[in-house]
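A.B. asks: Dropping a structure here in structure tokens format, bear with me for questions.
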Amino acid sequence: MRKDILAGFISATMGLGAVALIAPANAAPEVPYAEGQIMVEFREPEVAADVLRRHGLEKGPRIGSTDALLIGVPEGKEAKLVDALSRNPAVEYAELDHLVTPATDDEYFARQYALQNDGQSFTNTNGDISVAEGTADADVDAVEAWSVTTGSGVKVAVLDSGVANDNNDITPKVAARANFTRGESGDDNYGHGTHMAGSVSATADNTEGVAGVCPGCQILDGKVLNDSGVGSSSSLANGINWSVNNGAKVINMSLGVRASRTLESAVNNAWNNGVVLVAAAGNGGNQTKIYPGAYPNVIAVAATDNKDAKASFSTYGAGWVDVAAPGVNVYSTFPNHTFVLGTQNNRSMGYDVGNGTSVSSAIVAATAALAWSSDPGATHTSVRAEVESTADKIAGTGTYWAHGRVNAGSVVK
151 MRKDILAGFI SATMGLGAVA LIAPANAAPE VPYAEGQIMV EFREPEVAAD VLRRHGLEKG
211 PRIGSTDALL IGVPEGKEAK LVDALSRNPA VEYAELDHLV TPATDDEYFA RQYALQNDGQ
271 SFTNTNGDIS VAEGTADADV DAVEAWSVTT GSGVKVAVLD SGVANDNNDI TPKVAARANF
331 TRGESGDDNY GHGTHMAGSV SATADNTEGV AGVCPGCQIL DGKVLNDSGV GSSSSLANGI
391 NWSVNNGAKV INMSLGVRAS RTLESAVNNA WNNGVVLVAA AGNGGNQTKI YPGAYPNVIA
451 VAATDNKDAK ASFSTYGAGW VDVAAPGVNV YSTFPNHTFV LGTQNNRSMG YDVGNGTSVS
511 SAIVAATAAL AWSSDPGATH TSVRAEVEST ADKIAGTGTY WAHGRVNAGS VVK
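So, in structure tokens, the structure goes:
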């Protein structure tokens, strides 16, 4: 990708505060797809090589659990070849590979209103953000849930920019790692993924840092966003398939992309394999759908603040957004090394606040994991139903989202 395009795209994803997800409709780059590759599914797989050869192309690898192939093409010819292949009767579909972006006694636990809201106010580590007094119990009742279960080793896949190798509050929770980006290290040099993983499963009661909503959960670290916070539909689809194959009970996707038949196939395959999928609704402040959140087999999550009000930036829409969770000034883990979000936003390393439906999605994913761990007979359908049906009804239900703000204390048995 050209550096000028990438720079503009990175700035677009920064959004509000330390962590934010921006839907493609908000600020798309000049070329909003991965250059040099397209995704193609054939009705007749045996003729794929011949069809591609006529266009000067070769067969590529299968994308995750889908029937689509990732085909290398000359840069600048992506749209033309998609159009040409789409007209061939042997082709089910051809599409661009659109870019994906990021829409106790623990030291900072008192700042974690999302887990335990006593109406507290606080100032963040740098002293540059003061959080006003909140509304008591405008939280997900994580502490109440812990009296029943803390996660029991349930695996939650965090498909994001990676999880830092140097934050002792979250690094030990990573059970497996895989890198689906091009030419990047497996570490998190962007920051977003580490913040999400910490919201899911940071260690509780270790006298340092923060606690995750599901501190007894394990993390599957699937790096689908590169060190600039950019990925592709195919990398995300591959990450979903890897998560299923490695025993994920829940997949969190704090990111957004345009609709893709390949991605939807990967989502449906995961759901049909018994996995609960959760994704951010986006930070557009409107009702524009983003994916994978808008797919029926994904729980789409909006953001609330410490007064249980809809976050001003949160995308909404009762017709497709399912639940909400705290997403404003939420404390969590960051890498202890230099990372893009920290550099661009002058954030401290190790721990800090983040904003966005990205954070809300991670909290809901952790809540779903607690539901799994508390019920030996649970299924993906029962877990999703429990997360949605036990959500607290707050102002906005029926207008902003279909259910309420999730309550971890109510989902555990």
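So for the sequence shown, our numbering puts the first residue at 151; every next one is plus one.
For each residue, glycine too, the CB sits at the ideal point set by N, CA and C.
Pull up the CB-CB distance for T507 and A452, whole angstroms please, since I reckon it's below 8 Å.
C.D. replies: So it is a contact: roughly 6 Å between Cβ atoms.
A.B. asks: Kindly list the residues whose CB is nearer than 7 Å to the CB of W633, restricted to its own chain and excluding five residues on each side of it in sequence; keep chain order.
C.D. replies: Residue 633 is absent from the model: the chain starts at 151 and stops at 563.
A.B. asks: In three-state terms, what does DSSP make of D217?
C.D. replies: Coil.
A.B. asks: Counting only runs of 3+ residues fully inside the stretch 492-538, write out the beta strand (DSSP E) ranges in chain order.
C.D. replies: Fully enclosed beta strand (DSSP E) runs of 3 or longer: 501-504.
A.B. asks: Less than 8 Å separating the beta-carbons of G381 and L249?
C.D. replies: A contact, by the Cβ cut-off of 8 Å.
A.B. asks: Looking at C-alpha atoms only, which residue of Y183, V293 and H342 is the closest neighbour of P365?
C.D. replies: It is V293.
A.B. asks: On a CA-only basis, which of V561, N402, A398 and N329 is nearest D377? Give me that one, please.
C.D. replies: Measuring from the Cα of D377, the nearest candidate turns out to be N329.
A.B. asks: Spatial neighbours of R411 within its chain, please: C-beta separation below 7 Å, excluding the five flanking residues on both sides.
C.D. replies: Closer than 7 Å at Cβ, skipping near neighbours: Y243 and E245.
A.B. asks: How about K230 and V304: are their beta carbons less than 8 Å apart?
C.D. replies: Contact flag unset, no.
A.B. asks: Taking Y340 as the reference, give the member of A431, S236, V374 and A515 with the closest Cα.
C.D. replies: When each option's Cα is compared against that of Y340, the closest is V374.
A.B. asks: Output needed for G435: all residues of its chain with C-beta closer than 6 Å, excluding positions within five of it in sequence on either side, in chain order.
C.D. replies: F463, listed in sequence order.
A.B. asks: Between the alpha carbons of G569 and I401, how many angstroms are there, rounded?
C.D. replies: The question about residue 569 has no answer here: the residues shown for the chain are numbered 151 through 563.
A.B. asks: CA-CA distance, P239 and V232?
C.D. replies: In a straight line, the C-alpha of P239 is about 13 Å away from that of V232.
A.B. asks: At which residues does the beta strand (DSSP E) containing A295 begin and terminate?
C.D. replies: Premise fails: A295 lies in the alpha helix (DSSP H), A292 to W296, not in any beta strand (DSSP E).
A.B. asks: Starting from K209 and walking both ways along the alpha helix (DSSP H), at which residues does that stretch end?
C.D. replies: Element bounds for K209: n/a, residue is neither H nor E.
A.B. asks: What residue range is occupied by the uninterrupted alpha helix (DSSP H) comprising S385?
C.D. replies: Looking at the DSSP string, the run of the alpha helix (DSSP H) that includes S385 is S383 to N395.
A.B. asks: On a CA-only basis, which of Q437, L520 and P211 is nearest T549? Give me that one, please.
C.D. replies: The residue with the shortest Cα to Cα distance from T549 is Q437.
A.B. asks: How many angstroms separate the CA atom of S524 from the CA atom of A429?
C.D. replies: Taking the straight line from one Cα to the other gives about 22 Å.
A.B. asks: Mark D311 as exposed unless 16 or more other C-beta atoms lie within 10 angstroms of its C-beta, in which case mark it buried.
C.D. replies: A small fix is needed here, since residue 311 is Ser in this sequence, not Asp. The residue is buried, with at least 16 neighbouring Cβ atoms inside 10 Å.
A.B. asks: Would you tell me roughly how many angstroms separate the C-alpha atoms of I172 and T529, rounded to the nearest one?
C.D. replies: Caution is warranted here: a pLDDT of 28 is assigned to I172, below 50, making its placement in the model unreliable, and the coordinate value is therefore given only provisionally. C-alpha separation (whole angstroms): 32 Å.
A.B. asks: Reducing DSSP to helix, strand and coil, say where K399 ends up.
C.D. replies: In this structure, K399 counts as coil in the three-state DSSP scheme.
A.B. asks: Give me the residue from S335, V562, G406 and V241 with the minimum Cα distance to D371.
C.D. replies: Ranking S335, V562, G406 and V241 by Cα distance to D371 puts S335 first.
A.B. asks: So is R193 buried or exposed if we call it buried at 16+ other beta carbons inside 10 Å?
C.D. replies: Answer is exposed; the Cβ neighbour count stays below 16.
A.B. asks: Where does E536 land, buried or exposed, given buried means 16+ other C-beta within 10 angstroms?
C.D. replies: Buried: at least 16 other Cβ atoms inside 10 Å.
A.B. asks: Straight-line CA distance for S297 to V363?
C.D. replies: Roughly 13 Å between the two C-alpha positions.
A.B. asks: Between G186 and V394, what straight-line distance do the alpha-carbon atoms span, to the nearest angstrom?
C.D. replies: C-alpha separation (whole angstroms): 28 Å.
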